[in-house]
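Shown next, in structure tokens, is the structure this report addresses.
In the UniProt record's numbering, the protein residues as written are 1 to 282.
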């Protein structure tokens with residue numbers, strides 16, 4: 001039985017959605033977070049630090065700081081992810097440069113912290129759902145999580161805590177406290193956008209289970225479980241392979257399976273939660 005092939009979205013549509021998400025993030029920064037003199041997490045926050053001492057546009061600093069991370073991402077996280085990420089970083093740097101920094105809705109610093117965090121993460125979440133990233137320390141966190149038993153969330157949290165502490169020394173304790181609120185609102189928004197929808201379980205029925213398993217372990221750093229089976233129609237010996245991945249990894253997973261066994265049967269199952277040694281990408 002041949003599995004119907006699901007058509008993937010055209011790259012041009014992905015790029016359009018990524019551009020929209022990136023604009024939303026830049027809008028939140030320049031209209032809410034930066035006018036309120038708050039700091040954001042990651043490289044944007046570091047760019048704000050540098051801007052405090054060298055009054056050059058934050059978008060320029062952000063792009064320069066991302067160059068080594070873009071190279072790192074290309075080497076370790078795949079070409080498609082890197083293409084989308086470079087596109088988003090370039091646009092975000094441009095939008096941060098051209099969108100005027102001014103209050104648009106409120107001068108209330110608490111509201112700016114909350115809604116700045118929420119809106120910026122909506123934009124970032126859109127980009128992540130398209131299989132890319134807005135760069136910054138998210139790339140470094142993903143590389144760390146890929147090779148170490150540390151989730152992206154934990155790695156990002158540690159980095160952001162360092163930024164908060166430094167902001168308390170350089171600016172004021174009040175700025176640091178409001179920055180905590182903004183980052184917390186941002187993280188919770190990411191959870192709503194990404195949680196419970198990005199994990200999938202994949203079943204592969206193939207005659208080359210050992211080969212598929214080895215390549216997935218090597219290229220994707222994902223564990224697999226497989227068992228022997230017998231085809232009900234062909235009566236041939238088969239291997240059923242089981243693996244839990246995140247949605248953004250499926251194109252790479254699918255390509256590996258198709259390259260090794262073009263006759264393999266693949267079933268994708270939405271997974272609400274995973275307990276155990278699952279290396280959470282997002």
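Note that the Cβ used here is the ideal one computed from N, Cα and C, for glycine as well.
Residues bridged to residue i [DSSP beta-bridge criterion]
i, result
"residue 199", "246"
"residue 205", "240, 265"
From the options, residue whose alpha carbon lies closest to that of residue i
i, options, result
"residue 263", "188, 243, 239", "239"
"residue 241", "261, 235, 22", "261"
"residue 247", "98, 114, 180, 199", "199"
"residue 243", "259, 234, 222", "222"
"residue 84", "224, 128, 97, 103", "128"
"residue 86", "98, 101, 69", "69"
"residue 110", "140, 218, 73, 175", "175"
Assigned exposure category for residue i - 16 Cβ within 10 Å defines buried
i, result
"residue 35", "buried"
"residue 138", "buried"
"residue 183", "buried"
"residue 232", "exposed"
"residue 257", "buried"
"residue 38", "buried"
"residue 267", "exposed"
"residue 48", "buried"
"residue 54", "exposed"
"residue 40", "buried"
"residue 210", "exposed"
"residue 14", "buried"
"residue 65", "buried"
"residue 249", "buried"
"residue 230", "exposed"
"residue 212", "buried"
"residue 24", "buried"
"residue 204", "buried"
"residue 287", "Outside the modelled stretch of the chain, which goes from 1 to 282, sits residue 287, for which no answer is possible."
Where residue i falls: helix, strand or coil (DSSP)
i, result
"residue 270", "strand"
"residue 70", "helix"
"residue 14", "helix"
"residue 111", "helix"
"residue 282", "Residue placement at residue 282 is poorly supported in this model, since its pLDDT is 44, which falls under 50; the coordinates still yield a value, given next. Residue 282: coil per DSSP, three-state reduction."
"residue 86", "helix"
"residue 64", "helix"
"residue 106", "coil"
"residue 121", "helix"
"residue 187", "helix"
"residue 133", "coil"
"residue 116", "helix"
"residue 168", "helix"
"residue 158", "helix"
"residue 181", "helix"
"residue 98", "helix"
Ordered list of alpha helix (DSSP H) runs contained in the stretch 221-268, each at least 4 residues
Qualifying alpha helix (DSSP H) stretches, in chain order: 250-260.
Which runs of the alpha helix (DSSP H) fall wholly inside the stretch 12-61 and span at least 4 residues, in chain order?
Whole alpha helix (DSSP H) segments, 4+ residues: 42-53.
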